[in-house]
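In case it helps, my numbering puts the sequence shown at residues 8 to 217.
Beneath this line is the structure, given in structure tokens, with notes to follow.
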Amino acid sequence: VVYRTRRALSLPSGGSAETSWTWLPENLAPQGYTVTTSLYEAGALMDRIEHRIEALRTEPARPDEFVRVQGSMFTLGGKPWYFRGINYWPNWIAGYPTLNHRNRECYDSEIIERDLAWLQSAGVNVVSAIAGIQPPNPDDPAGYRDQLDFLDRCLRHGIRCYFTVPYGRAYAGADFARIKDYIEKAGLRDHPAIMCWELAWEPIEGAWNK
8 VVYRTRRALS
18 LPSGGSAETS
28 WTWLPENLAP
38 QGYTVTTSLY
48 EAGALMDRIE
58 HRIEALRTEP
68 ARPDEFVRVQ
78 GSMFTLGGKP
88 WYFRGINYWP
98 NWIAGYPTLN
108 HRNRECYDSE
118 IIERDLAWLQ
128 SAGVNVVSAI
138 AGIQPPNPDD
148 PAGYRDQLDF
158 LDRCLRHGIR
168 CYFTVPYGRA
178 YAGADFARIK
188 DYIEKAGLRD
198 HPAIMCWELA
208 WEPIEGAWNK
């Protein structure tokens, strides 16, 4: 417990009141926080709600956090590493695989967390086909918030990603300058959850615009 407070209120029957507290930590821990608000009457618990506060990791990645190739082996932390992976879509997407589940209007961190915890328990340590989102304003760092949250959650569950970058389709005229620009703006260059960059997922010839 990093913060706790309480307040007593006296209300008439049918009345209402608002109360608030301010907590200003110097730093937010990357593992996040569970916020619990409880309502008591005469010492008896009447109601309780919980929600999560998540903080993106800000510390530089350590070299031993990255998957590497040494000789004929993949290694992680200097030890041989064998990946067991699948293509991943959140279980709520069902028959709509074209939806990008890390876009702001779709992202549901509670379901993502439940899925990743289950995958970890099943021994999965790689997920594939993580296609980079393209926010309305590519220069706004906040536009990539949910994508980074997803990668942070993967890392906490010991899962690495095949990450498919935009602008890399060979048949559509790959633009490597835009790929590099995207990686920088999206804050992906040094994220240890990314196992490798994928330029074109299932490349086919067609009228692709990205």
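Note that CB positions come from ideal geometry on N, CA and C, so glycine has one too.
Nothing here was measured: the structure is a model prediction, and the numbers come from that model.
**OP:** Please determine, among G22, F73, L206, P142, the residue with the shortest C-alpha to C-alpha distance to G165.
**Re:** F73
Original post:
Which ranges does the alpha helix (DSSP H) cover as unbroken runs of at least 4 residues, wholly within the region 35-119, from first to last along the chain?
Top reply: none
Subject >> Best match in T44, R59, H58 for proximity to L52 [C-alpha to C-alpha] >> reply: T44
Original post:
Which residue's Cα is closest to the Cα of E25: L31, E33, P32, L16?
Top reply: L16
Original post:
For I56, which of Y47, L63, R64, A62 has the nearest alpha-carbon?
Top reply: Y47
Original post:
Closest by CA to I186, which one among L18, N98, G84, A207?
Top reply: A207
**OP:** Classify M224 as buried or exposed, calling it buried when 16 or more other Cβ atoms lie within 10 Å of its own Cβ.
**Re:** Given a span of 8 to 217 for the chain in the structure shown, any question on residue 224 remains unanswerable.
Original post:
Helix or strand or just coil, what does DSSP make of W204?
Top reply: strand
Original post:
Would you report the Cα separation of A129 and S135, rounded to the nearest angstrom?
Top reply: 16 Å
Original post:
Using a Cβ-Cβ cut-off of 6 Å (strictly less than) and excluding sequence neighbours within five positions of F36, which residues of its own chain qualify?
Top reply: In the sequence under discussion, the amino acid at residue 36 is Ala, which differs from the Phe named in the question. There are no such residues.
Original post:
Excluding the five sequence neighbours on either side, which residues of its own chain have a C-beta within less than 7 Å of the C-beta of L83, listed in chain order?
Top reply: V74
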